[in-house]
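Residue numbers (our numbering), protein chains in the order written: chain F, 1 to 336; chain C, 1 to 255; chain A, 1 to 267.
Here a beta-carbon is modelled for each residue, glycine too, at the ideal position from N, C-alpha and C.
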Amino acid sequence: MRRLEASKWVFALAIATLLAAFACGGEDAAKRAVAGKFAIALNWKPEPEFGGLFEAQRSDAFTKRGIELEITGGPGAPVVQMVEAGKVEFGIAAADEVMLARDRGTDIVAVFATYQTNPQGIMVHASRGLAALPDLFAAGGTLAVEPGVAFTKFFEKRFDLAKMKIVPYGFSIAPFLNDKEMAQQVFVTAEPIAARRQGADPQVFLIAASGFNPYAAVVITTGARARGEAKRVADFVAALREGWRGYLDDPSQANAQMGALNKEMDGETFRLGAEAQQPLIEDAFTKEHGIGAMSLARWTELGEQLRELGLIDKPAAPQQCFVDVDAPSGTPPAPR
Amino acid sequence: MNRRLIESVLPPAATFVLTTAAAEFGIRAAGISPLLLPTPSAVARAALQHSSTLLPALAATAQSVVVGLSLSIAVGLLVAIALSTSRWVERAFYPYAIFFQIVPIVAIAPLLVIWFGYGMRAVVAAAFIVSVFPVIANSLAGLLSVDPALRDLFRLYGASRTATLWKLSLPWALPNVLTGLRIAAGLAVIGAIVGEFVGGGGLGVVVLEAMRQQRTDLVFAAVLHAAALGLALFAAVNATSHFALRRWQNQEKDA
Amino acid sequence: MAASELQTKARGLAVRVRDLRRVFRSAGEADVVAVDGVDLAIAAGAFVALLGPSGCGKSTLLRMIAGLDAPDAGTIHFGDGGAAPKNALAYVFQDAHLLPWRNVLDNVALPLELQGRAAGERRDAAERVIAQVGLTDALLRHPAQLSGGMRMRVSLARALVTEPRLLLLDEPFAALDEITRQDLDDQLRALWAATGMTVLFVTHSIAEAAFLAERAVVLTRRPARIVLEHAIDLPPQREAALRGDARFARETSLLYAALRRGNEAAA
């Protein structure tokens with residue numbers, strides 16, 4: 001009996017330590033806020049999709065607003081969890097991730113949407129002579145996608161995928177290069193350019209063209225920060241906008257900086273990537289509302305789509321997912 | 001017998017209940033986000049809610065594990081027998097067997113997919129690679145530990161090499177083989193899951209999907225299913241060991 | 001005595017050892033001479049005890065006779081001269097060394113199994129010899145369920161199952177308690193008398209050598225050389241009470257003196 005009691009205390013101590021470790025996360029943010037520092041976690045390596053951020057950091061966009069920015073994170077970083085736990089103030093995620101996180105009970109909001117048109121697509125070999133995505137599903141073959149990514153469910157609902165062998169995408173184009181019957185998920189700024197440079201003949205079908213178009217490379221933060229530090233968040237977004245303007249006008253300097261951090265991509269690929277993504281970032285909507293602006297209509301549509309696909313269990317509250325661009329900048333969204 | 005059963009089951013069961021209760025109340029009290037650390041009740045709910053995904057995935061992973069483990073036993077034993085035939089052979093080839101121990105499966109899993117294609121074959125290969133070395137090492141140790149006096153006895157009566165292997169060395173090494181299997185079983189599950197991350201199918205993909213879809217409770221539920229698989233295999237090896245060795249206890253060698 | 005036992009009375013194998021030498025070499029260490037020029041003649045059907053201090057090389061000598069080790073010099077001849085006839089030898093170790101996964105019956109039948117005899121024949125022979133050592137009740141038990149003395153008897157039965165003409169024993173009862181030891185000594189002598197096989201019994205116990213053997217060969221400490229070959233002057237019927245007899249004390253003193261001499265002799 002005595003041994004049982006002792007082990008009870010050991011386990012209680014272990015649980016307490018675990019909880020304390022989680023609680024400590026909040027202290028990091030507090031320390032940084034006092035010093036005027038922000039940290040942002042990326043969800044991939046430095047590439048053109050983060051060009052505006054690096055340009056803002058390189059120029060004085062952040063510093064002249066009294067913001068010192070640390071860029072962290074990388075492939076596989078649990079960005080939503082890091083923002084939730086207070087390890088970082090901001091993060092980069094996909095719009096559907098924001099809605100899913102909110103559905104699970106987390107108060108995460110989007111403040112800036114890099115891409116108006118989602119840059120995800122399906123890449124096939126042009127030699128197959130496919131005209132559109134439904135042709136691929138009819139033809140069959142292997143399809144490599146990130147397990148759990150939302151558009152897979154979208155396609156499964158819309159089309160008959162019985163002929164497709166769906167396999168995990170390992171973020172390498174080697175299997176694609178070796179197999180003419182292979183199709184894979186891509187980011188238009190990256191894999192197709194790399195494939196072309198390796199001598200393949202890639203053809204890309206944008207997911208957005210099939211009717212699934214969530215915002216991408218969205219900057220997220222906690223709802224509490226968006227409400228409680230609205231001015232600082234607005235400053236951050238303004239600086240980011242300025243950075244993107246600079247990057248769209250001339251990406252060369254930010255590309256050089258990112259290239260130094262990401263040795264796997266060469267300068268030419270950076271240049272081609274920045275070029276390919278321009279129409280996806282700047283369009284009629286951003287010309288009117290500013291780069292990175294978001295609309296309630298788009299979030300509402302995403303919410304309906306995710307509900308229909310069974311990815312969220314409760315009805316979405318789209319107006320709570322983002323800082324409303326139609327309101328004057330700096331106004332916090334409605335409280336929960 | 002009943003009393004002994006209670007004595008062996010009650011302590012771990014009690015610890016389980018207490019830990020789960022402590023975790024449940026502790027996590028709730030600390031207000032930890034369900035995305036970071038779900039409560040045990042949330043994990044249980046996710047397991048039930050997604051059982052139509054989890055159970056077939058468990059079956060797929062279990063199939064790969066069993067095939068991979070069977071290969072490990074067969075190949076592992078044969079290699080151990082070959083290595084036990086002479087010191088020269090052992091010294092020449094054993095270091096290469098160790099290769100299986102140290103190769104990081106996460107790094108070579110993509111290679112396995114290139115060689116074996118997507119699907120079960122790559123997963124079985126991953127489970128095999130990760131679990132074969134403990135079988136080789138322990139079986140070899142058992143084969144080399146045969147009582148020298150018994151070896152002499154077999155020699156005295158003119159027994160052939162095959163007869164000595166079959167009637168003496170292999171039965172003698174059985175406790176060691178089972179020890180190796182105990183270790184190999186858990187490793188095979190890990191190998192299979194990693195293989196599935198790259199090759200597709202089974203609980204590995206469920207974990208990746210759940211992570212991508214912010215369902216941390218489902219991640220934990222899938223992990224628990226994998227753990228249960230490992231535990232079931234471990235228990236099976238233990239039961240085999242108990243049944244096969246029950247007449248040996250406290251005999252002339254240390255089992 | 002059964003008829004079959006009467007028939008086998010004169011079947012012991014003679015052993016002639018000439019100038020036997022065995023050196024153990026190991027890299028980086030000095031050579032160890034275990035046996036240094038031993039000459040020994042053992043008559044057919046004799047019961048000879050090899051007596052010597054621990055580590056003197058008597059086990060090595062026995063193993064060479066058994067063919068488990070090869071001499072570096074000298075010869076060993078059996079019977080009329082030449083190698084040992086097939087299946088004529090049996091060996092009993094210091095510990096029982098039974099196969100833990102086999103029951104008593106299968107353990108005893110092992111030598112016949114290795115010699116390729118049929119299952120029925122093996123079972124009958126094994127049961128017979130198990131009865132001789134008085135273990136019929138334990139036929140289907142496993143070694144883990146037997147006492148030390150019982151295991152030794154199984155080991156003995158295993159050695160006897162092939163009806164050996166030469167039985168070699170290396171301190172077989174050393175690990176047992178006194179009562180069990182004396183019981184087994186009695187049993188061994190009875191089996192020897194019944195079968196007529198030659199028995200070569202290695203021991204470091206003077207009392208055991210005197211009680212069991214017709215002749216005792218005393219060896220020096222390592223490297224083994226013969227100090228004394230002595231015919232034991234005691235009646236052929238060795239009763240337990242004999243151990244307290246004055247004649248017994250005389251024999252043991254004699255052997256003890258020889259043992260002492262051999263121990264003090266320079267290598």
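Secondary structure of residue i, DSSP reduced to three states
i	result
A:Thr-162	coil
A:Glu-29	strand
F:Met-123	strand
A:Lys-248	For the record, residue 248 of chain A in the displayed sequence is Phe; it is not Lys. Reduced to three states, the DSSP call for A:Phe-248 is helix.
A:Val-202	strand
F:Lys-163	coil
F:Gly-25	The pLDDT assigned to F:Gly-25 is 49, lower than 50, so where the model puts this residue is not dependable, and the model offers no usable value.
A:Ala-70	coil
A:Arg-16	strand
A:Glu-264	helix
F:Val-204	strand
A:Ile-65	helix
F:Ile-312	coil
F:Asp-179	coil
A:Leu-297	The question about residue 297 of chain A has no answer, for chain A in this structure spans 1 to 267.
F:Pro-168	strand
A:Phe-173	coil
A:Ile-130	helix
F:Val-237	helix
C:Ala-192	helix
A:Arg-21	strand
Classification of residue i by the beta-carbon crowding that lies within 10 angstroms, buried from 16 upward
i	result
C:Leu-48	exposed
A:Gln-237	exposed
C:Tyr-96	exposed
F:Glu-70	exposed
A:Val-15	buried
A:Glu-29	exposed
C:Gly-204	buried
F:Gly-243	buried
C:Val-206	buried
C:Val-256	A query on residue 256 of chain C cannot be resolved here, the shown segment of chain C reaching from 1 to 255 and no further.
A:Lys-58	buried
Unbroken alpha helix (DSSP H) run spanning residue i, endpoints
i	result
A:Pro-143	Unbroken run through A:Pro-143: none, as it is neither H nor E.
C:Ile-105	105 to 116
F:Thr-300	296 to 308
C:Val-219	216 to 245
F:Leu-143	F:Leu-143 -> not in any alpha helix (DSSP H); beta strand (DSSP E) instead, spanning 141 to 145.
F:Thr-191	The sequence given here has Glu at residue 191 of chain F, not Thr. First-last of the alpha helix (DSSP H) with F:Glu-191: 191 to 197.
A:Ile-226	First-last for A:Ile-226: 226 to 231, but that is the beta strand (DSSP E), not the alpha helix (DSSP H).
F:Leu-130	Taken as a continuous stretch (DSSP letters only), F:Leu-130 belongs to no alpha helix (DSSP H), as it is neither H nor E.
A:Leu-184	178 to 195
F:Val-323	Careful: F:Val-323 lies outside any alpha helix (DSSP H) and carries neither H nor E.
C:Gln-101	87 to 102
N- and C-terminal bounds of the beta strand (DSSP E) containing residue i
i	result
A:Arg-319	Past the edges of chain A, shown from 1 to 267, lies residue 319 of chain A, and the structure says nothing about it.
F:Gly-267	No beta strand (DSSP E) contains F:Gly-267, which is instead part of the alpha helix (DSSP H) from 267 to 281.
F:Ala-256	Premise fails: F:Ala-256 lies in the alpha helix (DSSP H), 252 to 261, not in any beta strand (DSSP E).
A:Phe-47	47 to 51
Cβ of residue i within 9 angstroms of any chain B Cβ
i	result
F:Gln-198	Within the model displayed, chain B is absent; protein chains F, C and A are what it includes.
Closer than 8 angstroms: residue i CB and nearest the ligand HEM heavy atom
i	result
F:Ser-210	No copy of the ligand HEM occurs in the structure displayed, which carries no ligand at all.
Open item on the list: Please give the ranges of any beta strand (DSSP E) in the stretch 206 to 233 of chain F, keeping only runs that are unbroken, at least 3 residues long and fully inside the region.
Closed with: As summarised for the stretch 206 to 233 of chain F, the continuous beta strand (DSSP E) elements at least 3 residues long and confined to that stretch are 216 to 222, given in chain order.
Open item on the list: For a minimum of 4 consecutive residues, which ranges assigned as the alpha helix (DSSP H) are wholly contained in the stretch 75 to 125 of chain A?
Closed with: Within the stretch 75 to 125 of chain A, the complete alpha helix (DSSP H) segments at least 4 residues long are 104 to 114, listed from N- to C-terminus.
- [ ] Taking a Cβ distance cut-off of 8 angstroms, strictly less, list which residues of the stretch 33 to 58 of chain C are near chain F, in chain order.
- [x] Listed by position along the chain: Ser-33, Pro-34, Leu-35, Leu-36, Leu-37.
TODO: Could I get the ranges of all uninterrupted alpha helix (DSSP H) runs contained in the stretch 118 to 189 of chain C, with 4 residues as the minimum, in chain order?
DONE: Listed in chain order, they are 120 to 144, 148 to 156, 161 to 164.
Open item on the list: Give me the subset of the stretch 151 to 176 of chain C whose CB atoms are less than 7 angstroms from a CB atom of chain F, sorted by chain position.
Closed with: Listed by position along the chain: nothing, the set is empty.
Task: Runs of alpha helix (DSSP H) lying entirely within the stretch 31 to 72 of chain C, each at least 4 residues, in chain order - done: Whole alpha helix (DSSP H) segments, 4+ residues: 40 to 49.
Open item on the list: Which complete beta strand (DSSP E) runs does the stretch 32 to 113 of chain F hold, if anything under 3 residues is left out?
Closed with: Runs of the beta strand (DSSP E) lying entirely within the stretch 32 to 113 of chain F and spanning at least 3 residues, in chain order: 37 to 42, 68 to 73, 90 to 93.
- [ ] Using a Cβ-Cβ cut-off of less than 8 angstroms, give me the residues of the stretch 137 to 151 of chain C that come near chain A, in sequence order.
- [x] Listed in sequence order: Asp-147, Ala-149, Leu-150.
Task: Interfacial residues, the stretch 133 to 160 of chain A to chain C, with Cβ spacing under 7 angstroms - done: Among the residues of the stretch 133 to 160 of chain A, those with a Cβ less than 7 angstroms away from any Cβ of chain C are His-142, Pro-143, Ala-144, in the order of the chain.
- [ ] Taking a Cβ distance cut-off of 9 angstroms, strictly less, list which residues of the stretch 202 to 223 of chain C are near chain F, in chain order.
- [x] Under the 9 angstroms Cβ criterion, the stretch 202 to 223 of chain C contributes Gly-204, Val-205, Val-206, Val-207, Leu-208, Glu-209, Ala-210, Met-211, Arg-212, Gln-213, Gln-214, Arg-215, Thr-216, Asp-217.
Open item on the list: Please identify, using Cβ separations under 8 angstroms, the residues of the stretch 309 to 326 of chain F that lie next to chain C, in order along the chain.
Closed with: Within the stretch 309 to 326 of chain F, the residues whose Cβ lies closer than 8 angstroms to some Cβ of chain C are Leu-311, listed in chain order.
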